[in-house]
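For reference, the structure is listed below as structure tokens.
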Amino acid sequence: MLDQSKPVYQRLRDVIANAILDGSFRDGDMLPSVRSLAAEEGANPLTVAKAYQTFQDEGLVTVKRGVGMFVAEGATERLRTLMREDFLTNVWPPVADQMRRIGLDARTLLDLTEA
């Protein structure tokens, strides 16, 4: 669920975060190099570096000079907590408002997604 209105570095951050949460990268795993991810995503390497920097600033990745970037220990759970808080604060309220407006209850929604 990538928000196209976000700046490119934030969309790249979402791609990386989703890969960590989906288990493509586990705590301790090496992340793709800046150049590799830039080529894969069709992005500027400086933009990828900025996305990685946000993870580094939050302590979610560690850098081993000359080796690469790695998912920090405990990062998956911390990231899950951060994204859950963001969802409940920023994404869910307008969705819940729209559900109320159109008369859609949570049970019906769950039934539709389970079908």
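Sequential numbering from 1 applies to the sequence shown in UniProt numbering.
A virtual CB, placed ideally from N, CA and C, is assigned to each residue, including glycine.
Computed from a prediction, not measured in an experiment: that's the story for all the values here.
| request: With a threshold of 16 other CB atoms inside 10 Å of the CB of THR113, please say whether the residue is buried or exposed. | output: Looking at its Cβ environment, which holds fewer than 16 other Cβ atoms inside 10 Å, THR113 is exposed.
| Collapsed DSSP secondary structure at VAL48 in the structure displayed | VAL48: helix per DSSP, three-state reduction.
| query | Should VAL61 be labelled buried (16 or more other beta-carbon atoms within 10 Å of its own) or exposed? | reply | Its Cβ being crowded by 16 or more others within 10 Å, VAL61 is buried.
| Which residues in the same chain as GLU41 place their Cβ atom closer than 8 angstroms to its Cβ, once the five residues preceding and following it in sequence are excluded? | For GLU41, same chain residues with a beta-carbon under 8 angstroms away, outside a window of 5 residues either side, are LEU12, VAL15 and VAL48 in chain order.
| request: Verify whether the separation of the beta carbon atoms of ALA75 and GLY59 is less than 9 angstroms. | output: It is a contact, given that the beta carbons lie within the stated cut-off.
| task | From the DSSP output, in three-state form, read off PHE25 for me. | result | Note: PHE25 maps to coil in three-state DSSP.
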